[in-house]
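Below is one structure, written out as C-alpha cells; the observations come after it.
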Amino acid sequence: MLIGMSLVWGINFSVVKIALTDFSPLSFNSLRFGLASLFLLTLLWVLERDLSFRREDVGRLVLLGLIGHTIYQLCFIHGIARTTAGNSSLILATTPIFVALLSSVLGVERVGRKVWQSVILSFIGILLIVQGAGRTLTMTDQSWIGDLLILAGTICWSIYTVLAKPLLQRYTPLKLTAWTMVMGTLPLVLVSIPSLKEQNWSSVPLQGWLSLAYSFCFAIAIGYVIWYTAVSRIGNARTALYENLVTVIAVAVAWLFLSEQMTPLQVLGAVLVLTSLYLARRSSTVN
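Mapping to this note's numbering: the sequence shown position 62 is 709, numbers consecutive.
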C-alpha cells in the first residue's frame with residue numbers, strides 16, 4: 648500500500664505542476680482538500696455507516712487537522728515560493744528524522760537501531776538526488792524565509808503523524824483521516840476565499856480539472872488513508888521512510904514524461920533510498 652501511495656504522490660508532483668498553470672495555489676489547494684473531505688466523509692458513511700467520534704477527542708482532532716492540513720499546507724505553499732527546489736527537497740527529506748525523534752521522545756514508539764540506520768541512509772540518498780539534479784543549495788535572505796517555512800511544514804507533518812498513533816487505537820484510519828481533514832480544511836478554505844474569488848474558473852481547461860480530480864481523489868483522500876493505515880500497522884518511523892521514496896518516483900516520472908535529465912548521482916541516491924526501505928522492512932521495530 649505504501650509503495651502504491653508513493654507512486655501516486657510521486658506522479659502528483661508533475662500533476663500539480665500542470666494544474667498550477669490554470670489554478671492559483673491557494674484556490675487549487677482549498678478546492679482539492681474540500682473535495683477530498685467530502686469524498687472521505689461519503690466513503691466513511693458507505694463503508695462504516697458511522698460518522699461519530701468521542702466528544703473528549705474533539706480537541707485532539709481539531710489540533711491534528713490544524714497542524715497536519717491547515718498550517719502544513721500554508722507553510723508548504725508559501726515556503727516553496729520563496730526557496731529553491733533543492734533546498735525544499737532536502738528539508739522535506741528530514742521528515743523521517745523528525746518522526747523518529749518525536750516518537751522516541753514522546754514515548755509513542757521505540758525506534759530500533761536498524762530503523763535509525765535506514766533513516767540516515769535515506770537522507771543521504773535524497774542529498775545525492777538533489778546534488779545530482781544540479782540544484783544548488785542557496786542561503787539568500789529570501790530563501791532563508793522559505794527554508795524556515797518548509798522546515799515548519801516538515802515538523803507539522805511529523806507531529807501530525809506521531810500524535811495520531813494513540814487515536815488510531817480507537818478509530819479506523821479512514822475515520823481519523825476524514826475528520827482531521829475536515830477540521831483542517833475549514834480554516835484553509837477561509838484563508839483562501841480571496842484567491843477563490845479571483846480565480847478565473849471559466850478559463851480552466853479539461854486538463855486542469857482532470858489534474859484536480861487526480862490530486863484530490865488519489866493523492867489526498869486515498870493517499871492519506873494509506874498513510875494512517877501504515878502508521879497503525881508498522882509504526883511511525885518505518886512509515887515516514889516512504890516519504891523519501893516519493894522523491895525517487897517523482898524524479899523518475901519527470902524523467903519519463905517531462906523529459907527532465909536523470910544523472911548517475913541521482914540513480915545512486917535512488918538506490919540508497921530503496922536500500923534504506925529494505926533495511927527498515929527487516930527491522931524489528933516495536934510499535
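Glycine included, every Cβ here is placed at the ideal spot set by N, Cα and C.
Buried or exposed for residue i, going by 16 or more other Cβ atoms inside 10 Å?
i, result
"residue 664", "exposed"
"residue 845", "exposed"
"residue 826", "buried"
"residue 726", "buried"
"residue 756", "buried"
"residue 854", "exposed"
"residue 878", "buried"
"residue 758", "buried"
Look at the alpha carbon of residue i and the alpha carbon of residue j, and state the distance between them as a whole number of angstroms.
i, j, result
"residue 940", "residue 712", "As shown, the chain starts at 648 and ends at 934. That puts residue 940 outside it, with no answer to give."
"residue 772", "residue 816", "33 angstroms"
"residue 768", "residue 856", "38 angstroms"
"residue 794", "residue 777", "15 angstroms"
"residue 885", "residue 840", "38 angstroms"
"residue 828", "residue 673", "16 angstroms"
"residue 810", "residue 848", "38 angstroms"
"residue 683", "residue 822", "13 angstroms"
"residue 695", "residue 792", "44 angstroms"
If you run the structure through DSSP and keep just helix, strand and coil, what is residue i?
i, result
"residue 757", "strand"
"residue 875", "helix"
"residue 847", "coil"
"residue 852", "coil"
"residue 818", "coil"
"residue 828", "helix"
"residue 730", "coil"
"residue 801", "helix"
"residue 712", "helix"
So, are the CB atoms of residue i and residue j less than 7 angstroms apart?
i, j, result
"residue 699", "residue 842", "no"
"residue 800", "residue 655", "no"
"residue 742", "residue 820", "no"
"residue 746", "residue 899", "no"
"residue 896", "residue 661", "no"
"residue 803", "residue 889", "no"
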